[in-house]
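Asker: Mind looking over this structure? Questions follow.
Protein chains: 2
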Amino acid sequence: MLSSSRSSPIFGPRASDPAPSAHDRVYRGLRSRIMFGQIAPGEALTLRGIGREFDVSMTPAREAVQRLVAEGALSMSASGRVSTPELSNERIEELAALRALLEVELSSRALPRAHMALIERLQTINSTISDVVANRDAVGYIRANLEFHRTLYLRAQAPAMLAMAETVWLQLGPTMRALYTRLRRSEAPHYHRLIIAALKAGDEPGLRLAVRSDVTQGLRMLVV
Amino acid sequence: MLSSSRSSPIFGPRASDPAPSAHDRVYRGLRSRIMFGQIAPGEALTLRGIGREFDVSMTPAREAVQRLVAEGALSMSASGRVSTPELSNERIEELAALRALLEVELSSRALPRAHMALIERLQTINSTISDVVANRDAVGYIRANLEFHRTLYLRAQAPAMLAMAETVWLQLGPTMRALYTRLRRSEAPHYHRLIIAALKAGDEPGLRLAVRSDVTQGLRMLVV
DNA sequence: CATCGGGCCATGTGATCACAAACCGTGGCC
DNA sequence: GGCCACGGTTTGTGATCACATGGCCCGATG
Chain V
1 MLSSSRSSPI FGPRASDPAP SAHDRVYRGL RSRIMFGQIA PGEALTLRGI
51 GREFDVSMTP AREAVQRLVA EGALSMSASG RVSTPELSNE RIEELAALRA
101 LLEVELSSRA LPRAHMALIE RLQTINSTIS DVVANRDAVG YIRANLEFHR
151 TLYLRAQAPA MLAMAETVWL QLGPTMRALY TRLRRSEAPH YHRLIIAALK
201 AGDEPGLRLA VRSDVTQGLR MLVV
Chain S
1 MLSSSRSSPI FGPRASDPAP SAHDRVYRGL RSRIMFGQIA PGEALTLRGI
51 GREFDVSMTP AREAVQRLVA EGALSMSASG RVSTPELSNE RIEELAALRA
101 LLEVELSSRA LPRAHMALIE RLQTINSTIS DVVANRDAVG YIRANLEFHR
151 TLYLRAQAPA MLAMAETVWL QLGPTMRALY TRLRRSEAPH YHRLIIAALK
201 AGDEPGLRLA VRSDVTQGLR MLVV
């Protein structure tokens, strides 16, 4: 995850990846599921089950799982059983603070490079979010929301920082679904519009505030 | 690396770890070596070689390597060969910025909980650093320096954030050695003393500045 | 003498297997 | 009725093996 030397196509594989190894296929598959909230917190996984599902032996399944455990996307009991972690409130707050820290910086670095084409793409993604929210599609919402952020942060030209932000998303994945199912429909892309406005205006303080708010807002209602 | 559910004894194993699995042993061993700069940038590793060295088969060696690759501590070529990464100047600058971002926040969170006992321990570590620097012991210097920071940040009660900071240290490990061999002896614990002074005074802005300086100073001279 | 090609060797990958430990359900006992 | 012990079954771990691929050295050739 953190800056593998390979390309990291989180949102769908690239066109011409020559020969994706088995453990990479499994890793990507599980990673998407976790990041986009398709696995509930506390759900258990078994190596043989993963192997059956992806049609590989236990070896690649183990490597993929090990990697996700290392990234905090899965947790492993002392006996080696793996499951998606159930985050404590303190942990959720800490991860939200990390998102704020990293993503504010990323957006700030992206600002000077944000041209009109980027802003248009963000607006397109934003309207996708509206559609998907109207359909009560939690997974689609999370995916589109993260794509919005990722598209912006890619402009920051800071791969290590982006990788860390994605690791935080990954750790929050299972929890995020629980959040977005109880989300009010109307308020969804509110801060996103503020972000776009600040980008257009070249308003750095406004952008930092908008990103921080967008990132913090959702998570705050989760720690009841 | 990132918040494994197990305890993470980076600086020497705990007393009563019941049955450390083989891949964990290998992982910890390689991780220390990398983080403390005992492996040069670009140095190659082989699974069978690691297996021989730690007296295990290829399987645990593979898992440990995979994990370190995921953390950015090792890089893997398209053909699967692993080596310690040779960082570009942009990457080094980015990682230094990450250190500043994360560690300033960590120190700031540790400040309200920093009591006298902690400050004394920091001073003890600091004198160790002076000794070790006098002996031109690069690895010892890096180890003691990181222990100084880690001791402070542990008080922040922010395990995910600390884990991310350690991941950055890990990525910088092989490069750090190259840095500290060309370090002037006298200036070593300068900013550390500023950090301790700010802690004693409860001076948060001063602490943030001192940490940022300490973290940035060394790395800056590396990007010639 | 430089460059290209072929063949051997080392290396990573993934499958399979043996083993030990943990989990779960059942039955008995208090 | 609740609690505990026990055995079958599931699960993770680590070793070993077969295979394909890439690297590297050496020799032949222009």
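So the protein sequences, as listed, match chains V and S. Under the UniProt record's numbering, the first sequence has 149 at position 149, and the numbering climbs by one with no breaks. Under the UniProt record's numbering, the second sequence has 48 at position 48, and the numbering climbs by one with no breaks. Note that the Cβ used here is the ideal one computed from N, Cα and C, for glycine as well. Since the structure is predicted, the reported quantities are computational estimates derived from the model, not experimental observations.
1. Could you check where the alpha helix (DSSP H) with Leu-118/V kicks off and where it finishes?
2. For a cutoff of 8 Å on Cβ pairs, would you count Arg-99/V as touching chain S?
3. Going by other Cβ atoms of all chains shown within 10 Å of its Cβ, with 16 needed for buried, is Met-164/V buried or exposed?
4. Exposed or buried, which one is Met-35/S when buried takes at least 16 other CB atoms within 10 Å?
5. Run down chain S in chain order and give the residues with a C-beta less than 8 Å from the C-beta of Glu-63/V.
6. Would you say Arg-220/V lies against chain S (beta-carbon separation less than 8 Å)?
7. Excluding the five sequence neighbours on either side, which residues of its own chain have a C-beta within less than 7 Å of the C-beta of Met-161/V, listed in chain order?
8. Going by beta-carbon coordinates alone, are Pro-60/S and Leu-74/S separated by less than 8 Å?
9. Nearest to Asn-126/V by alpha carbon, out of His-23/V, His-149/V, Leu-95/V?
10. Can you find the residues in the same chain that come closer than 7 Å, C-beta to C-beta, to Lys-200/V, ignoring five residues on each side of it along the sequence?
11. If the cut is a Cβ gap below 7 Å, which residues of chain V does Arg-91/S touch?
12. Within 8 Å (strictly less), CB to CB, does Leu-95/S reach chain V?
13. Let's see if you can read the secondary structure: which residues bound the alpha helix (DSSP H) around Gly-29/V?
14. Does Arg-143/V pass the burial test, meaning 16 or more other C-beta atoms within 10 Å, or should it be called exposed?
15. Applying the 10 Å Cβ sphere with the 16-neighbour rule, what's the burial state of Thr-181/V?
16. Just how far apart, CA to CA, sit Gly-29/S and Arg-109/S?
17. On the three-state DSSP scale, how would you describe Ala-158/V?
18. Measuring straight from C-alpha to C-alpha, what distance separates Ala-100/S and Asn-89/V?
19. Applying a beta-carbon distance threshold of less than 8 Å, which residues of chain S neighbour Glu-105/V?
20. Rounded to whole angstroms, what's the CA-CA distance from Ile-92/V to Asn-135/S? Just pull it up for me.
21. How about Met-58/S: is its C-beta nearer than 8 Å to some C-beta of chain V?
22. Is the CB-CB distance between Thr-216/V and Gly-72/V below 8 Å?
23. Taking the alpha helix (DSSP H) that Pro-112/S belongs to, which residues open and close that run?
24. Using only the alpha-carbon positions, how far apart do Ser-16/S and Asp-24/S sit?
25. For Pro-189/S, report the span of its alpha helix (DSSP H) as first-last.
26. Would you mind reading off the limits of the alpha helix (DSSP H) that contains Ser-79/V?
27. From the DSSP secondary-structure annotation, give me the bridge partner or partners of Leu-106/V.
28. Take Gly-140/S and list the residues in its own chain whose beta-carbon comes closer than 8 Å to its own, dropping the five residues that flank it on each side.
29. By the three-class DSSP mapping on this structure, what secondary structure does Ala-44/V have?
30. Assign Ala-117/V to one of two classes, buried (16 or more other C-beta atoms within 10 Å of its C-beta) or exposed (fewer than that).
31. At the level of alpha carbons, what is the spacing between Leu-207/S and Arg-113/S?
32. Let's see if you can read the secondary structure: which residues bound the alpha helix (DSSP H) around Val-69/V?
33. With distances taken between CB atoms, is the gap from Val-26/V to Val-69/V smaller than 8 Å?
34. Is there at least one Cβ from chain V nearer than 8 Å to Glu-86/S's Cβ?
35. May I ask you to report which of helix, strand or coil DSSP gives Gln-217/V?
36. So for Leu-170/V, helix, strand or coil by DSSP?
Answerer: Put simply:
1. DSSP places Leu-118/V inside the alpha helix (DSSP H), whose first and last residues are 116 to 134.
2. Residue-level contact check: Arg-99/V does not touch chain S, since none of the beta carbons of chain S fall below 8 Å from its beta carbon.
3. Classification for Met-164/V: buried.
4. buried
5. Arg-62, Glu-63, Gln-66, listed in chain order.
6. No, because no Cβ of chain S sits closer than 8 Å to the Cβ of Arg-220/V.
7. Leu-102, Glu-105, Leu-106
8. No, the Cβ-Cβ distance between Pro-60/S and Leu-74/S is not below 8 Å.
9. Closest option to Asn-126/V, Cα to Cα, is His-149/V.
10. Ile-119
11. Result: Ala-160.
12. It does: the Cβ of Leu-95/S has a partner Cβ on chain V nearer than 8 Å.
13. 22 to 35
14. Arg-143/V should be labelled buried.
15. exposed
16. 30 Å
17. coil
18. 26 Å
19. Ala-97, Leu-101
20. 44 Å
21. no
22. no
23. That residue, Pro-112/S, is in no alpha helix (DSSP H); it is neither H nor E in DSSP.
24. Below a pLDDT of 50, predicted positions are generally treated as unreliable, and Ser-16/S, at 46, falls in that range; no measurement from the model is reported.
25. No alpha helix (DSSP H) contains Pro-189/S, which DSSP labels as neither H nor E.
26. For Ser-79/V, there is no enclosing alpha helix (DSSP H), as DSSP marks it with neither H nor E.
27. The partner list for Leu-106/V (beta bridge, DSSP) is empty, contrary to what the question assumes.
28. Counting only residues of its own chain and dropping the five nearest sequence neighbours on each side, Gly-140/S has a CB closer than 8 Å to the CB of Val-132.
29. Strand at Ala-44/V.
30. exposed
31. Between Leu-207/S and Arg-113/S, the C-alpha separation is close to 14 Å.
32. Taken as a continuous stretch (DSSP letters only), the alpha helix (DSSP H) holding Val-69/V covers 58 to 70.
33. no
34. no
35. helix
36. helix
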